[in-house]
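Taken in order, the sequence shown gives residues 54 to 386; the numbers are from the numbering used here.
Heads up, the beta-carbon is just placed ideally off N, CA and C, and yes, glycines get one too.
Here the structure is a predicted model, which means the values were calculated and not measured.
Report on the following structure.
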Amino acid sequence: MRLIQFENEQGQRHVGVVGGERIGVVKGVATTRELALLAIRNGHDLIAEIERLGVEPGPLYAELLEQRRVLAPLDHSDPAHCLVSGTGLTHLGSASTRDKMHQQAEAQQAEGKLTDTMQMFQWGMAGGRPAAGNAGAQPEWFYKGDGGIVVRPGEDFPVPDFAEDFGEEPELTGLYVVAEDGQPYRIGFALGNEFSDHVTERKNYLYLAHSKLRFCSFGPEMLIGELPRHLSGISRIRRGDQVLWEKEFLSGEDNMCHTLENLEYHHFKYRQFLRPGDVHVHFFGTATLSFADGVKAQPGDTFEVSLDAFGEPLRNGIHVQAPGVAVGGVRPL
């Protein structure tokens with residue numbers, strides 16, 4: 054089953070079941086977070102809770118997408134209670150692109166020393182897939198922002214005027230809700246475009262944290278249930294009527310050096326991430342970047358991430374924001 058969140062013509066929020074031309078509207082709830090917490094309280098999974106609540110015929114899906122009334126498939130009414138984070142070097146092909154950006158001096162390479170990138174990737178290859186119930190190698194982890202940096206499907210990424218790159222990152226996201234007792238629950242998966250500044254990152258690996266502080270998007274649909282072990286999608290950049298660049302990307306555990314269980318454990322092992330009622334959006338990483346092929350996106354381009362198991366593609370554009378704070382703009386009291 055696949056779900057969306059959307060607004061009706063009056064701006065009221067609904068949860069919808071995708072299937073056919075029209076969306077089925079879930080009765081009695083306005084958000085997927087509300088639906089998930091209700092299912093947890095009632096001891097049901099999401100599908101059983103939807104069946105209990107019932108579904109009624111709704112609007113045409115194509116019109117919702119065209120009018121940009123589809124929201125991210127999970128959010129929180131208070132953006133500060135939605136944490137957006139991610140892990141890198143998780144996919145089997147991810148190390149080569151990152152290693153090119155993070156290579157150390159040639160003399161050090163000649164001595165046979167590994168870059169930090171390759172060392173962490175090798176740790177994942179050796180210990181990222183432990184037996185169920187066991188902790189494996191700790192992955193790279195990064196903070197991206199709170200819910201305020203999530204752009205709804207179809208809308209542009211606002212990029213800061215100081216950005217040096219507008220780089221897509223086609224990924225899967227895990228979507229989570231923390232129950233009233235502090236227990237985290239994965240409620241589904243969605244397509245995501247993590248979107249980063251790879252030129253900034255390439256300057257120095259310690260700039261990775263800066264490069265990740267950009268807007269992102271995920272959806273439009275949330276897949277409920279088990280994730281297929283092998284997934285193959287397409288990442289594209291469109292410039293006007295032309296496809297500027299496109300490439301296959303792979304995901305699912307068959308194409309990863311970490312299990313989902315291991316990635317989830319190393320995120321939620323921190324007690325500050327177990328605050329009741331909070332929402333977590335976690336990007337699982339990618340091995341495919343247009344940046345690695347020398348492509349530079351520009352305002353007016355459209356990113357498109359598609360994967361059949363997730364329904365409609367995720368599309369977003371780019372626009373440059375005016376500066377928020379000028380140099381010297383912080384005022385003393």
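For Gly227 versus His335, is the C-beta spacing smaller than 9 Å? Cβ atoms of Gly227 and His335: closer than 9 Å.
Does the Cβ-Cβ distance between Lys265 and Tyr196 come in under 9 Å? yes
Helix, strand or coil, according to DSSP, for Gln157 in the structure here? Residue placement at Gln157 is flagged as unreliable, the pLDDT there being 45, under the threshold of 50; the coordinate-derived value follows with that caveat. Reduced to three states, the DSSP call for Gln157 is coil.
What residue from Leu367, Val212, Thr355 has the CA that sits closest to Asp294's CA? Thr355
Restricting to runs no shorter than 4 residues, where is the alpha helix (DSSP H) found entirely within the stretch 294-372? 313-321
For Leu233, is the classification buried or exposed, using 16 other Cβ atoms within 10 angstroms of its Cβ as the cut-off for buried? The amino acid occupying residue 233 in the given sequence is Glu; Leu does not appear at that position. Exposed is the call here.
Can you tell which of Cys269, Thr143, Tyr114 has the C-alpha that lies nearest to the C-alpha of Gly180? Thr143
Residue-level contact to chain D via CB, Gln175, 9 Å cutoff: In the structure shown, chain D does not exist; there is a single protein chain.
Which of the three DSSP states, helix, strand or coil, is assigned to Glu420? With the chain running from 54 to 386 in the structure shown, residue 420 is simply not present.
Contact set for Asn95: own chain, Cβ-Cβ below 8 Å, skip 5 residues either direction: Glu102, Arg105
Tell me the DSSP secondary structure of Val252 in three-state form. Helix, per DSSP.
The beta strand (DSSP E) spanning Asn95 covers which residue range? That residue, Asn95, is in no beta strand (DSSP E); its alpha helix (DSSP H) goes 85-95.
Please confirm if the stretch 301-309 is in contact with the stretch 236-250, defined as three or more CB-CB distances below 8 Å between the two stretches. no
Straight-line Cα distance separating Asp331 from Gln325: 11 Å
Glu389 - containing beta strand (DSSP E), residue span: Residue 389 lies beyond the stretch modelled for the chain, which goes from 54 to 386, so this question has no answer here.
Comparing C-alpha positions only, which one of Val230, Ser343, Met173, Glu224 sits nearest to Leu284? Glu224
Can you find a heavy atom of the ligand SAH that lies under 8 Å from the Cβ of Val123? Only the bare structure without any ligand can be found here, which leaves the ligand SAH out of the picture.
Can we say the stretch 253-270 touches the stretch 286-293, given the rule of at least three CB pairs closer than 8 Å? no
Buried or exposed for Pro206, please, with buried defined as at least 16 other CB atoms from any protein chain shown within 10 angstroms of its CB. buried
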